[in-house]
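Data first, discussion second: the structure below is written as structure tokens.
2 protein chains.
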Amino acid sequence: MPLPSDEKSIVHVVDDDPSMREALQGLFLSIGLETRTYATAQDFLDTPVPDSPGCLIIDIRLPDMNGLDFQAQLSRTGVHLPVVMMTGYGDIPMSVRAMKRGAVDFLPKPFKDQDMLDAVFAAIERGRQQRAVDGDVSKVRERFETLSAREKQVMLLVTEGKMNKQVAGDLGISEITAKIHRGAAMRKMGARTLADLVRLADVINPRRRP
Amino acid sequence: MPLPSDEKSIVHVVDDDPSMREALQGLFLSIGLETRTYATAQDFLDTPVPDSPGCLIIDIRLPDMNGLDFQAQLSRTGVHLPVVMMTGYGDIPMSVRAMKRGAVDFLPKPFKDQDMLDAVFAAIERGRQQRAVDGDVSKVRERFETLSAREKQVMLLVTEGKMNKQVAGDLGISEITAKIHRGAAMRKMGARTLADLVRLADVINPRRRP
DNA sequence: ATCCAACTCATACTTTGATATGAGCATGCC
DNA sequence: GGCATGCTCATATCAAAGTATGAGTTGGAT
Chain A
1 MPLPSDEKSI VHVVDDDPSM REALQGLFLS IGLETRTYAT AQDFLDTPVP DSPGCLIIDI
61 RLPDMNGLDF QAQLSRTGVH LPVVMMTGYG DIPMSVRAMK RGAVDFLPKP FKDQDMLDAV
121 FAAIERGRQQ RAVDGDVSKV RERFETLSAR EKQVMLLVTE GKMNKQVAGD LGISEITAKI
181 HRGAAMRKMG ARTLADLVRL ADVINPRRRP
Chain B
1 MPLPSDEKSI VHVVDDDPSM REALQGLFLS IGLETRTYAT AQDFLDTPVP DSPGCLIIDI
61 RLPDMNGLDF QAQLSRTGVH LPVVMMTGYG DIPMSVRAMK RGAVDFLPKP FKDQDMLDAV
121 FAAIERGRQQ RAVDGDVSKV RERFETLSAR EKQVMLLVTE GKMNKQVAGD LGISEITAKI
181 HRGAAMRKMG ARTLADLVRL ADVINPRRRP
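Heads up: the sequence lines are chains A and B, in that order.
If you use UniProt numbering, the first sequence corresponds to residues 1 to 210, in order.
If you use UniProt numbering, the second sequence corresponds to residues 1 to 210, in order.
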């Protein structure tokens, strides 16, 4: 497992205009941000994206695909990079649609370098936080997967607030066995106390409303 | 305490153009939505807003205040109605700024009636859900406030995962006393089990990260 | 002065939790 | 066959939780 901490952020630029690609690449490189450019949406989708932090700069108008559709497709494809949209001919409804779909920013061309940099910084920061959360959730899930089927059942019932006796009754096993599974679940989940286990369970099984 | 369930939603329209106010009022009334209109931001701020669900339609350009500043001021004033922005002369950066600040939608004038209705429905729905969450949180907080100072301390320590013995040590009291406060906290919070209490505590004291 | 709520503690008892030790049985893998 | 894993259960022990009863102190409000 690679160290996720001090990874370099990568800025991905998707624009069919070569001069814009070069300009942005120069801008980002000037502040030490690794940059990769793509001429089309398909170009980006065909290129394996390393699982590293960063963001995605998309021109709304692409040769092969609408920028908004592209944005929508990314989530489905499993790419969760924060998106900064830019366009030379967009209108307000288009920008609103992009923002509704979660874009970090929407810049009309031409834009000031500083505006783009601000947008990229905001995007990278948003991604960084999202990655931190996702990472925590993943770790908990991984641990949960190391539990046996019974241990999972017992853990979920216990964190519902049921006593060992009730858990045993629900599962049709003896209280002693339930205790053993409970102990194993605590150990495997790294939960020192029941309160910890409850919070871990809520990461896996989020409660809708209190 | 009033019943919060089936309250009527109220649409608040802030626009200095009388014909627009009338048109929108007519549109909303035609589908049975109670509507109130205001000519200026100050007019709205001076009028007591009942704590009922609904939304706020704001023209960006108001005589006394910029719509964006108005939007920003609302949160500070304690008004948390979802906002739909509209404008006759806005540009993309303005719409993006509004969306970043949490606007539900941003409609350029002229707009189709149906677009406005869609926006209002979305806004009301968002507000409804937010109100539900806020209501739940408030209820928990209210209950928590019925606890005595000691009971609060004990509850927080217990939900950190500490045993009664540790709680007693931390607070410099006997374990028996800690148990009494613990029991009182459980009863007053309506927590049947420790798992319940942990989740209630997390509503009051949200954990940053697992 | 009186009253009340909060806080404190003790004793006693019951229930539950946590853990260790030992063991039987089924499944699947090498 | 041998072996590991998971699931099951019993007995036993100790720690902790939960509850009930009774009682003393303090500080603030009436």
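Every residue gets a Cβ at the ideal spot worked out from N, C-alpha and C, and that includes glycine.
Does DSSP classify residue i as helix, strand or coil?
| i | result |
| --- | --- |
| B:A191 | coil |
| A:N205 | coil |
| B:L157 | helix |
| B:K152 | helix |
| A:G127 | helix |
| B:K8 | coil |
| B:S174 | coil |
| B:L200 | helix |
| A:M163 | coil |
| A:M1 | In this prediction, A:M1 has a pLDDT of 41, which is less than 50 and means its spatial position is unreliable; what the coordinates show is noted afterwards. Here A:M1 sits in coil by DSSP. |
Interface residues of chain A around residue i at Cβ under 9 Å?
| i | result |
| --- | --- |
| B:E160 | T193 and A195 |
Residues of chain B with CB under 7 Å from residue i, in chain order?
| i | result |
| --- | --- |
| A:G90 | I92 |
| A:V96 | S95, M99, D105 and F106 |
For residue i, go through chain A and note every residue whose CB falls closer than 8 Å to its CB, in chain order.
| i | result |
| --- | --- |
| B:R199 | V198, D202, R207 and P210 |
Original post:
Can you list, in chain order, the stretches of the beta strand (DSSP E) that have 3 or more residues and sit fully within the UniProt domain "Response regulatory" (10–124) of chain B?
Top reply: With a minimum length of 3 residues, the continuous beta strand (DSSP E) runs that stay inside the UniProt domain "Response regulatory" (10–124) of chain B are 10–14, 34–38, 54–59, 83–87 and 105–108.
**OP:** Say whether the region 165–184 of chain A touches the region 168–182 of chain B, bearing in mind that this needs 3 or more beta-carbon pairs closer than 8 Å, one atom from each stretch.
**Re:** no
Original post:
Are three or more beta carbon pairs between the region 134–148 of chain B and the region 94–103 of chain B nearer than 8 Å?
Top reply: no
Subject >> contact_flag[the region 193–206 of chain A, the region 33–45 of chain B] where n(CB pairs < 8 Å) is 3 or more >> reply: no
Original post:
Counting Cβ pairs closer than 8 Å, one from the region 195–204 of chain B and one from the region 167–175 of chain B, do we hit at least three?
Top reply: Here the region 195–204 of chain B makes no contact with the region 167–175 of chain B; the two share fewer than three CB pairs at distances below 8 Å.
Original post:
Any contact of the region 79–89 of chain B with the region 52–61 of chain B, i.e. 3+ C-beta pairs under 8 Å?
Top reply: yes
**OP:** State whether the region 99–117 of chain B contacts the region 144–154 of chain B, with contact taken as three or more CB pairs (one from each stretch) at a distance under 8 Å.
**Re:** no
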